[in-house]
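Reading through the structure tokens given below for one structure.
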Amino acid sequence: MQQGNGKLQIKRPNLFRMDTKSPQETQIIADGQTLWFYDPFVEQVTANWVKDAVNNTPFVLLTSNDKSHWAQYSVEQKSDTFVLTPKAKNSNIKQFDIRIDESGVLKGFSTIEKDGQSNQYVLRNISNQNLDSALFKFSVPKGVELDDQRKK
Numbered sequence: 025m026q027q028g029n030g031k032l033q034i035k036r037p038n039l040f041r042m043d044t045k046s047p048q049e050t051q052i053i054a055d056g057q058t059l060w061f062y063d064p065f066v067e068q069v070t071a072n073w074v075k076d077a078v079n080n081t082p083f084v085l086l087t088s089n090d091k092s093h094w095a096q097y098s099v100e101q102k103s104d105t106f107v108l109t110p111k112a113k114n115s116n117i118k119q120f121d122i123r124i125d126e127s128g129v130l131k132g133f134s135t136i137e138k139d140g141q142s143n144q145y146v147l148r149n150i151s152n153q154n155l156d157s158a159l160f161k162f163s164v165p166k167g168v169e170l171d172d173q174r175k176k
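Printed below as a string of structure tokens:
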């Protein structure tokens, strides 16, 4: 099992930022329209339309009020966990679980991918702050390759 750490920032609706520092530095930012995935190690940024990424990147659901996003999943509640299963057969995700505590605070989430790999995210040091929308803007760093999937 590999452990890592990072910072998750969410602003509803549709703004999401996850910065991981270990085991590998990455950034995932949803600016409301585009989902940006930046991997500094390979010097590459991938850009997808949020609406197209929901099927394979369910993190977007954490901030979405869009019924069409949620309609792509079957949702079942098991105690304090919501189990989401993609309806699309071509999804890379087999299951996405969202854990909420008794007061409605997001405590964590996990993914199980089609290949069996699982990722668990446990949230700690949670605070409810007014976040500046500028945190969710992304600019491709100089010298970094852009794989723009929005044009396909």
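Using this note's numbering, the first residue of the sequence shown is number 25, and each one after it goes up by one. Idealized CB from N, CA, C, for every residue including glycine. Just so we're clear, the structure is a prediction, and the values are computed from it rather than from any experiment.
key: Span of the beta strand (DSSP E) around residue 31   = 29–35
ask   = Just curious, the alpha helix (DSSP H) that residue 77 is in, first and last residue?
value = 74–77
request  = Please look up how many angstroms separate the CB atoms of residue 133 and residue 123, rounded, as I've assumed it's under 8 Å.
outcome  = 7 Å
request  = On a CA-only basis, which of 42, 27 and 30 is nearest residue 84? Give me that one, please.
outcome  = 42
task = Give me the Cα-Cα distance between residue 100 and residue 120, rounded to the nearest whole angstrom.
result = 11 Å
request  = Go through the stretch 99–166 residue by residue and report every complete run of the alpha helix (DSSP H) that reaches 4 residues or more, in order.
outcome  = none
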